[in-house]
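Shown next, in structure tokens, is the structure this report addresses.
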Amino acid sequence: MTFPRHRPRRLRSTPALRRLVAQTSLEPRHLVLPVFVADGIDEPRPIASMPGVYQHTRDSLRAAAAEAVDAGVGGLMLFGVPRDEDKDALGSCGLHPDGILNVALRDLAKDLGDETVLMADTCLDEFTDHGHCGVLDARGRVDNDATNAQYVKLALAQAESGAHVVAPSGMMDGQVAAIREGLDAAGFTDVVILAYAAKFASAFYGPFREAVGSSLQGDRRTYQQDSGNAREALREIELDLDEGADIVMVKPAMAYLDVVRAAAEVSPVPVAAYQVSGEYSMISAAAANGWIDGRAAALESLISIRRAGADIVLTYWATEAAGWLA
Numbered sequence: 002m003t004f005p006r007h008r009p010r011r012l013r014s015t016p017a018l019r020r021l022v023a024q025t026s027l028e029p030r031h032l033v034l035p036v037f038v039a040d041g042i043d044e045p046r047p048i049a050s051m052p053g054v055y056q057h058t059r060d061s062l063r064a065a066a067a068e069a070v071d072a073g074v075g076g077l078m079l080f081g082v083p084r085d086e087d088k089d090a091l092g093s094c095g096l097h098p099d100g101i102l103n104v105a106l107r108d109l110a111k112d113l114g115d116e117t118v119l120m121a122d123t124c125l126d127e128f129t130d131h132g133h134c135g136v137l138d139a140r141g142r143v144d145n146d147a148t149n150a151q152y153v154k155l156a157l158a159q160a161e162s163g164a165h166v167v168a169p170s171g172m173m174d175g176q177v178a179a180i181r182e183g184l185d186a187a188g189f190t191d192v193v194i195l196a197y198a199a200k201f202a203s204a205f206y207g208p209f210r211e212a213v214g215s216s217l218q219g220d221r222r223t224y225q226q227d228s229g230n231a232r233e234a235l236r237e238i239e240l241d242l243d244e245g246a247d248i249v250m251v252k253p254a255m256a257y258l259d260v261v262r263a264a265a266e267v268s269p270v271p272v273a274a275y276q277v278s279g280e281y282s283m284i285s286a287a288a289a290n291g292w293i294d295g296r297a298a299a300l301e302s303l304i305s306i307r308r309a310g311a312d313i314v315l316t317y318w319a320t321e322a323a324g325w326l327a
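Following the working numbering, the numbering of the sequence shown begins with 2 at its first residue and continues without gaps.
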């Protein structure tokens with residue numbers, strides 16, 4: 002009987018050996034926790050389609066942020082949820098110093114300083130009464146250049162409120178260059194731009210729209226990418242790099258791991274990937290029904306995103322996963 006000379010199983014025989022030869026690591030510092038802070042609520046409001054995730058009050062956000070930082074999570078991405086009556090066609094409440102997102106940034110900047118990385122979603126969709134990511138023209142289409150002008154004002158308001166990172170997510174052409182120019186002119190040369198460089202028009206965003214109380218009418222397919230276009234995604238990434246992006250992001254993550262890999266191969270800056278609401282909710286729902294081991298599946302999904310090449314992973318499991326990893 003001929004025995005095999007090569008036995009890869011030798012390196013899997015004990016937990017210590019597997020740990021020693023692991024080719025991809027997942028650490029709390031790799032994780033960013035997206036959080037929602039809502040105006041006009043007195044206690045945290047559960048998001049029905051995202052079990053375990055909440056719209057926070059200012060106070061409960063501060064507690065959740067402190068817990069995440071204590072767990073070693075790398076950063077926090079803030080989304081503001083204004084009252085419906087404060088929304089308008091231009092998303093003006095996102096620019097206002099007393100708008101919910103900017104007030105929450107100041108709260109966390111005061112509490113945490115530089116202990117963590119405060120990121121702000123630099124987009125108008127939460128703040129507009131039509132739910133689109135930009136300013137609409139007379140035909141009801143998103144006006145690219147008028148939207149970029151609003152993004153600059155939004156980024157400045159967030160930087161003034163204490164954001165270390167602004168994150169334009171609207172997929173407007175030229176948004177990174179416009180924001181970089183605006184930040185630099187105002188003296189915010191150290192504020193980082195995390196560009197949603199390849200953001201696809203995805204069915205996996207459904208629960209997020211509940212989370213931010215979206216007022217969306219229609220869809221976003223004229224500015225978000227088509228799911229079949231990987232080469233176009235690389236073009237978008239390269240354009241954002243040319244415009245000065247400090248970090249580039251692919252969104253969603255799990256359904257686009259090939260794009261994450263391609264981005265990692267061409268990008269000289271860190272690559273982020275967003276495990277979006279629908280991806281989180283699918284695993285959570287299957288676990289709640291006893292069909293899968295939720296914790297094991299969550300960690301496996303996160304390591305797959307890291308294995309594809311992401312340096313940073315945005316995930317609603319960030320705090321829990323940090324505890325599991327510890």
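Built from N, CA and C at the ideal position, the CB exists for glycine as well.
Residue closest to residue i, alpha-carbon to alpha-carbon, out of the options
i: residue 104; options: 167, 296, 81; result: 81
i: residue 146; options: 298, 178, 229, 49; result: 178
i: residue 39; options: 172, 84, 197, 166; result: 84
i: residue 63; options: 324, 252, 51, 44; result: 44
i: residue 275; options: 298, 200, 231; result: 200
i: residue 196; options: 313, 133, 230, 115; result: 313
i: residue 59; options: 46, 2, 290; result: 46
i: residue 226; options: 272, 268, 194, 171; result: 171
i: residue 57; options: 108, 129, 97; result: 108
i: residue 328; options: 65, 154, 27, 189; result: What the structure shows of the chain is the stretch from 2 to 327, and residue 328 is not part of that stretch, so it cannot be assessed.
i: residue 75; options: 175, 35, 169; result: 35
i: residue 224; options: 210, 53, 173; result: 173
i: residue 181; options: 150, 204, 210; result: 150
i: residue 245; options: 176, 293, 53, 98; result: 176
i: residue 86; options: 129, 7, 229; result: 129
i: residue 189; options: 153, 53, 230; result: 153
i: residue 253; options: 48, 10, 228; result: 228
Residues near residue i by beta carbon distance below 7 Å, same chain, minus five either side
i: residue 18; result: 12
i: residue 206; result: 277, 278, 279
i: residue 131; result: 90, 137, 216, 218
i: residue 1; result: This structure does not reach residue 1, given that the chain is present from 2 up to 327, and the question cannot be answered.
i: residue 68; result: 320
i: residue 296; result: 325
i: residue 72; result: 29, 320, 323, 324
i: residue 25; result: 304, 307, 308
i: residue 7; result: none
Sequence-distant residues of the same chain with beta carbon closer than 6 Å to residue i, five excluded per side
i: residue 1; result: One cannot answer for residue 1 here, as it falls past the ends of the chain, which runs 2 to 327.
i: residue 251; result: 199, 257, 260, 261, 264, 274
i: residue 116; result: 70
i: residue 100; result: 94
Cβ-Cβ separation, residue j to residue i (assumed contact under 8 Å), whole Å
i: residue 310; j: residue 262; result: 5 Å
i: residue 299; j: residue 37; result: The Cβ separation is near 19 Å, so there is no contact.
i: residue 102; j: residue 92; result: The pair is not a contact, with the Cβ atoms about 11 Å apart (cut-off 8 Å).
i: residue 247; j: residue 267; result: Going by Cβ atoms, the distance from residue 247 to residue 267 rounds to 16 Å, so no, they are not a contact pair.
i: residue 66; j: residue 21; result: That pair is no contact at about 35 Å.
Own chain partners of residue i with C-beta closer than 8 Å, once the 5 adjacent residues on each side are dropped
i: residue 192; result: 156, 160, 164, 165, 166, 167, 184
i: residue 106; result: 79, 119, 121, 159, 162, 163, 164
i: residue 305; result: 255, 258
i: residue 187; result: 157, 160
i: residue 134; result: 124, 125, 126, 143, 148, 170, 171, 172, 173, 221, 224
i: residue 33; result: 74, 75, 76, 77, 78, 118, 120, 273, 313, 314, 315, 316, 319
i: residue 61; result: 44, 45, 55
i: residue 16; result: none
Per-residue DSSP class, three states only, for residue i
i: residue 98; result: coil
i: residue 122; result: strand
i: residue 88; result: coil
i: residue 272; result: strand
i: residue 27; result: coil
i: residue 281; result: helix
i: residue 224; result: coil
i: residue 180; result: helix
i: residue 143; result: strand
i: residue 76; result: strand
i: residue 152; result: helix
i: residue 15; result: coil
i: residue 246; result: coil
i: residue 9; result: helix
i: residue 37; result: strand
i: residue 22; result: coil
i: residue 311; result: coil
i: residue 175; result: coil
i: residue 286; result: helix
i: residue 218; result: coil
i: residue 52; result: coil
i: residue 169; result: strand
i: residue 198; result: strand
i: residue 190; result: coil
Using 8 Å as the cut-off, can you tell me whether the region 229 to 242 makes contact with the region 286 to 297, which would need three or more C-beta pairs spanning the two stretches below that distance?
no
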